[in-house]
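Worksheet for the structure shown next.
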Amino acid sequence: MVELPPGSFVMGRNEEEGFELAPTQPDWMAAAETPATGVAISQAFAIGKYEVTFAEWDQCVEAGGCSYEPPDEGWGRGDRPVIHVGRPDAAEYVEWLRVVTGEAYRLPSEAEWEYAARGGTTTARWWGDELGSGRAVCMDCGSEWDDVSTVPVGTFPANPFGLHDMLGNVAEWVADCWNDTHEGNPGDGTARQEDSPWWRGNVCERPVHRGGAFDYYPWTVRAAKRSYYWPGPWTNRDSDGLGLRVARSLPAG
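Numbers 0 to 252, taken from numbering that gives the first Met the number 0, label the letters of the sequence shown in order.
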C-alpha cells in the first residue's frame, strides 16, 4: 500500500485533452468524462501499489474468505493481476481483508482512483499527452504483450505517486455506481452510490470500473477514462481484462 496525501485536482477530461486523442471513443463515453470537476480530498488514504494479484486472491480462497477461484486464461497466476472477478467478488475480497487485518480496507472511489492515477499531473496520462510506448500494455501500447495477455504487476514504470499499472494491464473496479457524467459530483472524493439512477434496492446495477486493459483501445489508457459494466448474470465474471486495486482509509490526523 502507498499512502497518498490530501490534495486537490480536476477530475475528468481537461481542455487540452482533445478528442483527437480518442478518435474511436463512443460519444456517450466521451460525455461521461465531463464536466471537468474540481475535487478536494481532505483526508489521506492508502491505495495498492499494484493491482490485486492471483497470489493474493488465491490466499483469500485458501483461507475461506473468497468463494470463487477465477481462471487465469493459461497466462499464469502468481504476480499476474487477478481477472474474471465480478464486482460482488471484489467486495468479498475486500471484506476478507478487513476481517483478517482489522484495517479499513475498501475499494477506492472514482475520485480517489483518478487522483491516484494522475499522480499529481494534469496531462491525459501521467507521462504526458502522447501514448508513446513502454509505459503500459493495451491494444497498441508498443509492448510484446499488447492485445495478448496481462503482464506481471510492476512490469512497467510507476507513476509519480509510486503506483504501477494504473492506466493499463487490467481495468479496475471502484466503489461508485454509474452516473452518466460528473454533473452533481460532490467534489470531496467520496463514492457516488445512492444518487445513481442504477442504484436500485440497495444494489448497484451498473458498477463503475476505471482505466484501460491489455486488450482495450489505446484511448482508454488515460486517467479520465471511465465506464461501467452491465451485470450478467449479476456477476461480471466474463471479462479477462477486469480486476481490482484496494484502498484503505487512514485515521484522521
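C-beta: ideal position from N, C-alpha, C; glycine also. This one's a predicted model, so the numbers in the text were calculated from it and none came from an experiment.
| Query | Result |
| --- | --- |
| According to DSSP, simplified to helix, strand and coil, what is Thr100? | helix |
| What are the boundary residues of the beta strand (DSSP E) that Asp175 is part of? | Ala170 to Cys176 |
| Hey, quick one: how far does the beta strand (DSSP E) through Val207 stretch, first residue to last? | Pro206 to Arg209 |
| Should the stretch 101-120 be regarded as contacting the stretch 132-151, the criterion being three or more beta carbon pairs within less than 8 Å? | no |
| Is there at least one Cβ from chain B nearer than 7 Å to Gly37's Cβ? | Structure shown: chain B not included; a single protein chain is present. |
| Thinking C-beta only, is Val152 closer than 7 Å to Pro80? | yes |
| Which residues bound the beta strand (DSSP E) around Met10? | Gly6 to Met10 |
| Mind checking Gly211: buried by the 16 CB within 10 Å criterion, or exposed? | buried |
| Indicate the three-state DSSP secondary structure (helix, strand or coil) for Glu109 in the structure shown. | helix |
| Go through its chain and collect everything with a Cβ distance to Trp233's Cβ below 6 Å, but skip five positions before and after it. | In this predicted model, Trp233 has a pLDDT of only 49, less than 50, meaning its place in the structure is not dependable enough to derive any value. |
| Helix, strand or coil for Tyr227, going by three-state DSSP, please let me know. | strand |
| Considering only their Cβ atoms, is the gap separating Tyr104 from Arg247 smaller than 7 Å? | yes |
| How many Å lie between Met10 and Gly37 at the Cα? | 6 Å |
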